[in-house]
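Quick note on this note's numbering: the sequence shown kicks off at -16 and runs consecutively. Comments concern the structure below.
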Amino acid sequence: MIRDEGQRKRVTLFLSNLEGGGAERISVNLLKGFSPDLFDLDLVLITATGPFLDQVPPYVRVIDLKRASVSQAVLPLTGYLRRRRPDVLMSHLSHVNVGALLAKSLALTPTKVVLVEHNDLSNARAAPGSPIAPKVRNWRAPQRRFLPQIMRFFYRRADAVVGVSKGVSRYVAARFKVPAARVHTIYNPIVDDELLRRSQEAPEHPWLLNADVPTLIAVGRLTQQKDFPTLLRAFAEVRKRREARLIIFGEGPQRAPLEALVQDLGLGGSVSLPGFTQNPYAAMRRAALLVLSSRWEGLPTVLVEAMACGCPVVATDCPSGPDEILEGGRWGPLVGVGDVQALTEAITGALDHPVSKDALRERAAAFTYDRSVDAYTELLTSLSSP
């Protein structure tokens, strides 16, 4: 029996939108997992758009601020906090986190603020032309340039900061001087029965129906963070040794340069960029290998998802997450960021000698949906208790 609204804790999640990114998918998973017996749930979006909107549970109120950027959303969010007065406001991603803290300070309400940090940005400046993570895509250039300094000022004011991996938690504590007692590591809610069920569905891409030709996949936004050019160059070398295909699922601002590179490398017949997919799990179950070529991450969800589907993986040893997930290379090769030759060798080796599907699934069980939801529930309950 659901408690009345006065007994339940009011918890609000705040995001930019529900476009097809890992943080957005994780947020929806949390909303599905949180008990409506415990929490009265709101989802506040700067713009209510994205393919995950129809997955939001019916007991969650969706509030559309109808703004174009985080900076434009601060005052509407301030007004929402004054009216609704949630016990806890939880936000995701660096730029949104700053907006949440600014709105809280303006609202002058007792609301507790929990920030969820999904990336270790210590390597972000290594990406050419990328002063900060591409996720900060609706801030103007001066705001992006000074975001780390702004985060340093604001993050210490949060009641709790969740790092999605131990590496991210270390980064937050060191870079933004957040007291260790307020930094919590909670792995993302990734593996559940729904993921496994959907992996049994027919894949959308015809290449995955032909087991005679090994098909590699990558899943992620087409941004500099994911470093798909390195993957394409490595795949071009793999193709010199054996027949193979590569599908990169995702959409983003780097589509045109990537398509041009595919043609320059002569890979037009063996590389496909079909865009975002609602069900990457069906592809993971049938792919010969998933490759993560990122320059930086937080906890790369796709690695765990692929392993849960029994798909072998290769990853860059980027900060942070791959080393934690793969336990130093025990469950799949780790290679240097941007190292085409090392990635080529790792892909070839993983295709020739894949880790067993059962072992991969067993490792993925450490990242179950229930463990993550329980940990977040405990944190939110402790913060909102008198």
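Just so it is clear, CB atoms sit at the ideal spot from N, CA and C, and this is done for glycine as well. As the structure is a prediction and not an experimental result, all values here were calculated from the model.
In the structure shown, the three-state DSSP call for His101 is coil. Just so you know, the alpha carbons of Leu64 and Ala156 end up roughly 27 angstroms apart.
Along the stretch 200 to 266, the alpha helix (DSSP H) occurs as fully enclosed runs of 4 or more residues at 211 to 222, 238 to 247, listed in sequence order.
By the criterion of a C-beta distance shorter than 7 angstroms, Pro40 is surrounded in its chain by Leu14, Lys15, once the five residues flanking it on both sides are discounted. Less than 8 angstroms separates the beta-carbon of Ala298 from that of Leu275. Taking C-beta atoms under 8 angstroms as the contact rule, Lys160 and Arg139 qualify, at a distance of about 6 angstroms. Thr327 is a Cβ neighbour of Glu220, given a cutoff of 8 angstroms. If you draw a straight line from the Cα of Val71 to the Cα of Ser253, it comes to about 49 angstroms. For Gly16, the uninterrupted alpha helix (DSSP H) run begins and ends at 5 to 16, by DSSP.
Here Lys223 is exposed, its C-beta having fewer than 16 other C-beta atoms within 10 Å. Here the alpha carbon of Ala265 sits roughly 41 angstroms from the alpha carbon of Arg67.
DSSP places Leu72 in the uninterrupted beta strand (DSSP E) bounded by 71 to 75.
Trp314 has its alpha-carbon roughly 11 angstroms from the corresponding atom of Asp341. Annotation: Lys340 is outside any beta strand (DSSP E); the continuous alpha helix (DSSP H) that includes it extends over 340 to 347. A contact between stretches requires three or more CB pairs, one per stretch, nearer than 8 angstroms, and the stretch 239 to 251 fails this requirement with the stretch 275 to 292. In this structure, Met73 sits near Val99, with a CB-CB distance shorter than 8 angstroms. The residues Met290, Trp314, in chain order, have a CB closer than 7 angstroms to that of Arg346 in the same chain once the five nearest residues on each side in sequence are set aside.
In this structure, the straight-line span from the alpha carbon of Val27 to that of Leu(-4) is close to 6 angstroms. Runs of the beta strand (DSSP E) spanning 3 or more residues and lying entirely within the stretch 158 to 187 occur at 166 to 168, in chain order. For Asp47, the secondary structure class from DSSP, reduced to helix, strand or coil, is strand. Annotated three-state conformation of Gly281 is strand, per DSSP. For Leu326, there is no enclosing beta strand (DSSP E); the residue is part of the alpha helix (DSSP H) that begins and ends at 323 to 335. By the neighbour-count criterion, in which a residue is buried when 16 or more other Cβ atoms sit within 10 angstroms of its Cβ, Tyr42 is exposed. Taken through DSSP and simplified to helix, strand or coil, Val151 comes out as helix.
Membership of Thr351 in any alpha helix (DSSP H) is not indicated, and neither H nor E is assigned to it by DSSP. Thr213 places its beta carbon 8 angstroms or farther from that of Val96. Taking C-beta atoms under 8 angstroms as the contact rule, Ser277 and Cys301 qualify, at a distance of about 5 angstroms. Residue pairing by DSSP puts Phe22 in a beta bridge opposite Lys(-8).
Rounded to whole angstroms, the gap between the alpha carbons of Val151 and Ala90 is 29 angstroms. Apart from the 5 residues on each side of it in sequence, Leu244 sits with its Cβ closer than 7 angstroms to the Cβ of Pro212, Leu215 in its chain, given in chain order. Sorting Gly146, Pro186, Arg344, Ala86 by C-alpha distance to the C-alpha of Gln261 places Pro186 at the top.
Assignment of beta-bridge partners to Leu28 by DSSP yields Leu(-2), Asp47.
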